[in-house]
Structures are given as C-alpha cells and as structure tokens.
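The opening position of the sequence shown corresponds to residue 3 in our numbering, with each subsequent residue numbered one higher.
Please read the structure below before turning to the comments.
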Amino acid sequence: MYHPEMSWFGRKSSVSATGSDLMAGMPPVTEPSKTEQFAEDARQHRPADEHWTHTQIFAYQELLQDRYDSPLYVGVSGRPAILLCLSGRMRADLDGLEELIRDMGADLFLEGHRLGRYGMVRAVLELPERNLIFETPLTLAHGDVQEFVSAGYRAKAVELHLSHASDARSQRFTCRAAGLRPVVEAALDAVRGLDHPTTPAEQAAPVAELEARFPDIGDGLTGRTRIRLTVTGPADDVVTVETRN
Numbered sequence: 003m004y005h006p007e008m009s010w011f012g013r014k015s016s017v018s019a020t021g022s023d024l025m026a027g028m029p030p031v032t033e034p035s036k037t038e039q040f041a042e043d044a045r046q047h048r049p050a051d052e053h054w055t056h057t058q059i060f061a062y063q064e065l066l067q068d069r070y071d072s073p074l075y076v077g078v079s080g081r082p083a084i085l086l087c088l089s090g091r092m093r094a095d096l097d098g099l100e101e102l103i104r105d106m107g108a109d110l111f112l113e114g115h116r117l118g119r120y121g122m123v124r125a126v127l128e129l130p131e132r133n134l135i136f137e138t139p140l141t142l143a144h145g146d147v148q149e150f151v152s153a154g155y156r157a158k159a160v161e162l163h164l165s166h167a168s169d170a171r172s173q174r175f176t177c178r179a180a181g182l183r184p185v186v187e188a189a190l191d192a193v194r195g196l197d198h199p200t201t202p203a204e205q206a207a208p209v210a211e212l213e214a215r216f217p218d219i220g221d222g223l224t225g226r227t228r229i230r231l232t233v234t235g236p237a238d239d240v241v242t243v244e245t246r247n
C-alpha cells in the first residue's frame with residue numbers, strides 16, 4: 003500500500019543546504035522539516051532580540067506518533083534516518099529481526115517519476131524477511147525528504163530505526179549505503195523542473211498514477227535504483243536539535 007507523506011503546517015523557505023550543485027537544484031520547501039519545526043518552536047518561547055542557544059532531545063520513535071507500517075524518512079540535525087514502527091499485522095514482535103538485518107542488511111530503492119506536471123520519488127524499503135517491504139511516495143516539497151536526501155548524499159550512510167506497536171524494544175542500525183549517490187542523482191534528474199505536490203489533495207493524482215504503474219510493491223525494482231544497506235554499527239536512539247539566535 004502507498005503511504006504519501008502528510009502535510010503539517012504553514013509554508014516556509016528551504017532549509018538544510020548542502021553546498022553541492024546537486025542539492026542546490028532542489029525545489030523550494032513548502033512543508034517545513036522536523037528540524038525547522040523544532041527550531042520554530044524554540045523561537046516562539048524565547049526573545050527574538052537576544053542571543054541564546056536552546057537544545058532539545060527527542061527519541062526517534064516519538065516522531066512516528068501513531069504511524070505504523072509506513073517508513074518515515076527524515077534528516078533531523080543532519081542525520082539521515084528511516085523510522086519504521088511495525089504493527090502486529092506485519093510481524094508478531096521484533097524477535098529475530100535484529101539478527102537478520104545485521105547478517106543480511108536491507109535494500110532501499112529510490113526512483114524519480116514524472117506524473118503529469120508533478121514529480122515524486124518512489125521509495126521502497128525491503129527488509130530481509132518475506133513480506134517486509136514498504137513503499138512510500140516522497141515529495142521534494144517536504145523538508146524532511148530534502149534533509150534525508152541531502153544528509154544521506156553527504157554521508158553515504160543511512161540510519162535504520164525499527165520498533166513494534168506491542169514491543170517496548172527498538173532496533174537501531176547505522177548502515178553504509180552503497181550506491182546511494184548515483185541513485186539519488188538519477189532520481190533528482192528525473193523530476194527536475196517539475197512541480198512537487200505538498201498537500202494530500204495535491205498528492206492524490208500522482209500517487210494514484212504511481213499505483214497504476216506499479217500494482218505490486220515489487221514491480222519496477224531494479225539494480226540501478228537499489229541502495230544496499232549494510233550494518234556498520236549501532237545508531238543512537240535519540241536526536242539532538244540545537245537552535246541558536
């Protein structure tokens with residue numbers, strides 16, 4: 003099933019520049035990232051005419067709220083991370099999954115698509131267990147997506163954070179992302195110059211077109227769009243956001 007990214011609050015300018023020509027070609031952000039949302043919250047509670055530093059620490063799983071079986075792609079504070087909370091429908095618990103991922107890694111597929119006047123990036127995360135494959139249409143109008151792409155491009159690495167609706171444990175991995183840069187470059191080239199949908203209403207038609215093109219999640223996945231995720235160590239389960247004025 004498709005899970006388009008949902009809209010949060012007001013429109014703002016782009017954040018998280020990378021300094022590369024590739025990322026400089028990103029479209030304007032019309033949906034602020036979690037990083038910018040946290041910073042805006044800090045500014046609202048502190049004087050605008052004084053110098054201050056505010057530090058916020060969040061558990062990654064807090065960012066998911068009630069989102070199940072639908073990966074969230076974020077780049078909070080420059081850390082590219084995929085967050086996923088499994089429901090009982092997908093798996094009874096987390097038993098044995100950590101060992102599988104450490105031994106076999108995971109696959110991330112990214113491909114840009116022209117869908118009428120819009121461009122979207124089809125993301126498919128495949129874990130090393132039958133039926134643990136998840137599809138998410140991403141829009142570059144969202145700051146979280148831009149921060150994930152730009153941070154992953156810089157680091158050539160991705161964090162994977164897994165949890166379960168009925169399990170207090172979490173599993174966290176830092177992964178080398180082999181082949182990420184050429185895959186990202188091709189995905190961005192495919193949607194360059196197009197509009198990028200922000201709201202669920204704007205996303206409805208392009209997402210429906212993607213569903214028609216790829217009726218099954220495994221359809222259209224190829225080696226040229228594959229990013230191999232190989233575990234290199236643990237990942238911190240919290241993220242720190244520091245805002246300065």
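Note that CB positions come from ideal geometry on N, CA and C, so glycine has one too.
### Message
Measuring straight from C-alpha to C-alpha, what distance separates His163 and Arg81?
### Response
In the sequence shown, the residue the question calls residue 163 occupies position 161. In the sequence shown, the residue the question calls residue 81 occupies position 79. For His163 and Arg81, the distance between alpha carbons rounds to 12 Å.
### Task
Decide if Glu137 is buried, meaning its Cβ has at least 16 other Cβ atoms within 10 Å, or exposed.
As a position in the sequence shown, residue 137 is number 135, starting the count at 1. A buried status is given to Glu137, since no fewer than 16 other beta-carbon atoms sit within 10 Å of its beta-carbon.
### Task
Please say whether Ala159 and Glu113 have beta carbons closer to each other than 9 Å?
Within the sequence shown, the letter at position 111 stands for residue 113. Within the sequence shown, the letter at position 157 stands for residue 159. No; because the gap between Cβ atoms is not below 9 Å, this pair is not in contact.
### Task
Closer than 7 Å by C-beta to Leu196: which residues in its own chain qualify, once you throw out the five before and the five after it? Chain order, please.
As a working mapping, residue 196 is identified with position 194 in the sequence shown. For Leu196, where only same-chain residues beyond five positions count, the Cβ hits under 7 Å are Arg116, Arg119, Tyr120 and Gly121.
### Query
In its own chain, which residues sit with a C-beta less than 8 Å from the C-beta of Glu204, not counting the 5 before and 5 after it?
Walking along the sequence shown from the start, residue 204 turns up at place 202. Excluding sequence neighbours, Glu204 sits near Tyr120.
### Message
According to DSSP, simplified to helix, strand and coil, what is Asp221?
### Response
In the sequence shown, residue 221 corresponds to position 219, counting from 1. In the structure shown, Asp221 sits in coil (DSSP, three-state: anything other than H, G, I, E or B).
### Message
For a minimum of 3 consecutive residues, which ranges assigned as the beta strand (DSSP E) are wholly contained in the region 37-83?
### Response
55-61 and 74-76
### Query
When DSSP builds the beta bridges, which residues end up paired with His163?
As a working note, residue 163 is residue 161 in the sequence shown. Leu85 and Arg174.
### Task
Would you kindly report the start and end of the unbroken beta strand (DSSP E) that includes Pro236?
The residue given as residue 236 occupies position 234 in the sequence shown. Arg228 to Pro236 is the extent of the beta strand (DSSP E) around Pro236.
### Query
Taking the alpha-carbon positions, what's the Leu74 to Phe150 distance?
Here residue 74 refers to the residue found at position 72 of the sequence shown. Here residue 150 refers to the residue found at position 148 of the sequence shown. Cα to Cα, the separation comes out at about 10 Å.
#### Entry: Coarse secondary structure for Ala26, derived from DSSP in three states
Working through the sequence shown from its first residue, we reach residue 26 at position 24. Of the three classes helix, strand and coil, the one that applies to Ala26 here is helix, per DSSP.
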